[in-house]
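Chains as they are written, first to last, in this note's numbering: chain R, 1 to 125; chain E, 126 to 250. C-beta: ideal position from N, C-alpha, C; glycine also.
There are 2 protein chains.
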Amino acid sequence: MRTSVQLTTERLAGGMVTKSPAGCGAVVEFAGIVRAMEGGREIAGLDYEAYEPMARREIERILDELAVVHPCEAVEVLHRVGHVPAGEASILVRIEAAHRMEAFGLLEEFMIRLKRDVPIWKRVP
Amino acid sequence: MRTSVQLTTERLAGGMVTKSPAGCGAVVEFAGIVRAMEGGREIAGLDYEAYEPMARREIERILDELAVVHPCEAVEVLHRVGHVPAGEASILVRIEAAHRMEAFGLLEEFMIRLKRDVPIWKRVP
Chain R
1 MRTSVQLTTE RLAGGMVTKS PAGCGAVVEF AGIVRAMEGG REIAGLDYEA
51 YEPMARREIE RILDELAVVH PCEAVEVLHR VGHVPAGEAS ILVRIEAAHR
101 MEAFGLLEEF MIRLKRDVPI WKRVP
Chain E
126 MRTSVQLTTE RLAGGMVTKS PAGCGAVVEF AGIVRAMEGG REIAGLDYEA
176 YEPMARREIE RILDELAVVH PCEAVEVLHR VGHVPAGEAS ILVRIEAAHR
226 MEAFGLLEEF MIRLKRDVPI WKRVP
């Protein structure tokens with residue numbers, strides 16, 4: 001499974017590619033967006049802080065593990081760090097797979113593991 | 126839940142929007158791609174045929190039902206009909222939701238129901 005993991009302070013831009021390599025029957029793209037309302041009060045954004053080398057390594061490790069159960073062709077993870085204004089994406093995950101269920105399974109489980117295990121923290125500035 | 130359902134002979138183009146309305150914490154886009162290999166042999170594409178008024182009505186009905194269990198903000202369904210070359214998308218689903226689990230749940234179940242209940246047929250030309 002090809003993987004690409006990037007932490008960046010730049011604004012994340014999606015771009016669903018609907019022309020895909022042979023054998024790929026499903027492309028899923030997920031964007032996690034900072035919501036303007038958090039815990040009942042309005043916020044302008046969130047600050048994300050990461051222990052970067054370990055965060056990247058941990059994401060790669062999770063993807064390797066998940067690839068055994070949900071074998072996909074390719075997974076791309078982009079996580080924004082620093083200030084993320086409300087309405088913008090803090091994370092973007094793009095998966096290519098032969099079949100949709102493998103892509104859905106990997107995506108769901110990856111997001112749970114990311115929030116639980118990866119040293120990236122968010123706070124209201 | 127806002128819904129938009131379209132059947133078209135045009136090539137489907139995605140376009141992940143990472144700037145989203147307040148309250149929306151998750152955007153998921155799924156493309157189902159025609160694979161160049163189908164049942165062990167190479168194909169140039171698939172032909173999709175739909176009983177269009179009923180297909181559209183049935184998709185809307187499924188979305189209405191799923192909205193009760195997986196309440197999302199908006200769902201857009203684009204299904205291509207006619208000839209779809211291998212490597213191109215036959216379906217595109219775009220979901221906006223407050224939380225990712227609602228979007229994932231709706232997407233998974235919608236795709237199962239679509240293939241089971243909606244009068245759209247595919248065949249190797």
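- Apart from sequence neighbours up to five positions away, the residues of its chain that approach G45/R with a beta-carbon distance below 8 Å are V34, H83, V84, P85, A86, E88 and P125, ordered along the chain.
- In this model, S129/E and E221/E are separated by some 12 Å (Cα to Cα).
- By the Cβ rule, the stretch 105 to 125 of chain R counts as touching the stretch 47 to 61 of chain R, because three or more pairs are nearer than 8 Å.
- Looking at L132/E, L137/E, F155/E and R136/E, the one whose alpha-carbon comes closest to that of L107/R is F155/E.
- The Cβ of E233/E sits closer than 7 Å to at least one Cβ of chain R.
- At least one CB atom of chain E sits nearer than 7 Å to the CB of E29/R.
- Between L132/E and V206/E the beta-carbon gap is near 5 Å, inside 8 Å, which marks them as a contact.
- Per DSSP, G212/E lies in no alpha helix (DSSP H) and is assigned neither H nor E.
- Taking C-alpha positions only, R219/E is separated from G164/E by approximately 28 Å.
- Here DSSP, grouped into helix, strand and coil, assigns G23/R to coil.
- Shown here, V77/R sits in a strand according to DSSP, grouped into three states.
- Straight through space, the alpha carbons of S90/R and A74/R are spaced by roughly 20 Å.
- At a Cβ-Cβ threshold of 7 Å, V202/E and I184/E count as neighbours.
- When beta bridges are read from the DSSP output, E154/E appears opposite E29/R and R219/E.
- In the three-state DSSP reduction, I43/R falls in the coil class, being neither helix nor strand.
- Inside the stretch 49 to 76 of chain R, DSSP marks whole alpha helix (DSSP H) runs of 4 or more residues at positions 52 to 69, from first to last along the chain.
- Against chain R, the CB of I237/E has no partner CB under 7 Å away; the residue lies outside that interface.
- Remark: C-beta atoms of E109/R and L66/R approach each other more closely than 7 Å.
- Identification of chain R residues near R160/E by a Cβ-Cβ cut-off of 8 Å yields A22, G23, C24, G25 and A98, ordered along the chain.
- For P53/R, the closest alpha carbon among the candidates H79/R, R113/R, P71/R and I43/R is that of H79/R.
- The alpha-carbon of H224/E is positioned some 8 Å away from that of C197/E.
- Per DSSP, the continuous beta strand (DSSP E) segment holding R127/E begins and ends at R127 to T133.
- Spatial neighbours of G25/R in its own chain (CB-CB distance under 6 Å, excluding positions within 5 residues in sequence) are listed in chain order as A98 and H99.
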